[in-house]
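Numbers 1 to 86, taken from full-length UniProt numbering, label the letters of the sequence shown in order. Here a beta-carbon is modelled for each residue, glycine too, at the ideal position from N, C-alpha and C. Values in this document were obtained by computation on a predicted structure and should not be read as measured data. Have a look at the structure below, then the notes.
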Amino acid sequence: MPAPDSPSYRLFVMPGCPYCQKVLAYLARVGLDDGRVAVEDITSDPAARDELVRVGGKGQVPCLFVDGEPMYESDDIIAYFGANLR
1 MPAPDSPSYR LFVMPGCPYC QKVLAYLARV GLDDGRVAVE DITSDPAARD
51 ELVRVGGKGQ VPCLFVDGEP MYESDDIIAY FGANLR
């Protein structure tokens with residue numbers, strides 16, 4: 001369970017996206033697939049897609065929301081997790 005002052009993480013993905021799969025594989029490899037990162041499938045959840053577009057300005061995935069701030073690009077997301085979560 002994250003500490004009360006820990007950032008919240010939401011990762012927006014699409015199942016067929018190879019860059020999304022790259023991030024998800026990284027999370028699994030380093031043990032971050034334990035619920036600390038909420039994963040939102042924008043193909044099965046229209047509300048998640050709408051939020052991604054509304055907040056992030058585009059429907060690009062993968063997109064990581066860190067306390068509601070969007071971060072794009074699989075390599076940037078993986079680097080962020082490598083530096084900030086373990």
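Tell me the start and end of each unbroken beta strand (DSSP E) in the UniProt domain "GST N-terminal" (7 to 86) that is at least 3 residues and wholly inside, in chain order. 9 to 13, 37 to 41, 63 to 66, 69 to 72
I need the straight-line Cα distance from D75 to V30, nearest angstrom please. 15 Å
Report yes or no: do the region 36 to 43 and the region 66 to 74 share at least 3 C-beta pairs separated by less than 8 Å? no
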